[in-house]
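Report on one structure; see the data block that follows.
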Amino acid sequence: MTSQLQTAMEGLIEVFHSYSGKEGDKYKLSKLELKSLLQGELADFLAASKDPRVVDKIFADLDENKDGEVDFQEFVVLVAALTVACNEFFIGCHEKLTGTTQWLMGG
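So in our numbering, spot 29 of the sequence shown is number 740, and the numbers just go up one at a time.
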């Protein structure tokens, strides 16, 4: 039986590779491929931003080695940052509703 975490990891890998390699290196995302991935997989996050250059800014932040492409490791940084932000948001919402974070600790 596959665990939830293993399923999530496999999904992350599958999503990345379903968008990578349409242009250039098959193991990296071009800016256009990243934009397509963000629009296809994280449309709500893009819609929340009022900045028309959000994809350019995300790409510049992720492309740490400045090779003009985003590799899997660089992509995972984005997913991790968004996951942390979502977790903090949900903790804040839960605390406002209940005054406790007990549900996070299995309580």
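Backbone N, C-alpha and C fix where the C-beta goes; we use that ideal spot for every residue, glycine too.
Going by other Cβ atoms of all chains shown within 10 Å of its Cβ, with 16 needed for buried, is residue i buried or exposed?
i      : result
LEU749 : buried
ILE773 : Rather than Ile, the amino acid found at residue 773 in this sequence is Leu. LEU773 is buried by the Cβ-count criterion.
VAL766 : buried
TYR730 : buried
PHE727 : buried
GLU775 : exposed
May I have the straight-line CA-CA distance separating residue i from residue j, to the nearest angstrom?
i      : j      : result
ASP780 : LEU740 : Position check: residue 780 holds Glu in this sequence, whereas Asp was assumed. Distance between the alpha carbons of GLU780 and LEU740: 5 Å.
GLY732 : LYS807 : 44 Å
GLU734 : LEU745 : 11 Å
LEU723 : LEU793 : 13 Å
Considering only C-alpha positions, which residue in the set the options is nearest to residue i?
i      : options                           : result
ASP778 : GLN717, ASP736, LEU723 and LEU789 : ASP736
TYR797 : LEU743, MET720 and LEU753         : Note that residue 797 corresponds to Cys in the displayed sequence, not to Tyr. Among LEU743, MET720 and LEU753, the Cα nearest to that of CYS797 belongs to LEU753.
Next item on the list: Can you check the stretch 712-739 for any alpha helix (DSSP H) of at least 4 residues that lies completely inside it and give the ranges in chain order?
Entry: 715-730
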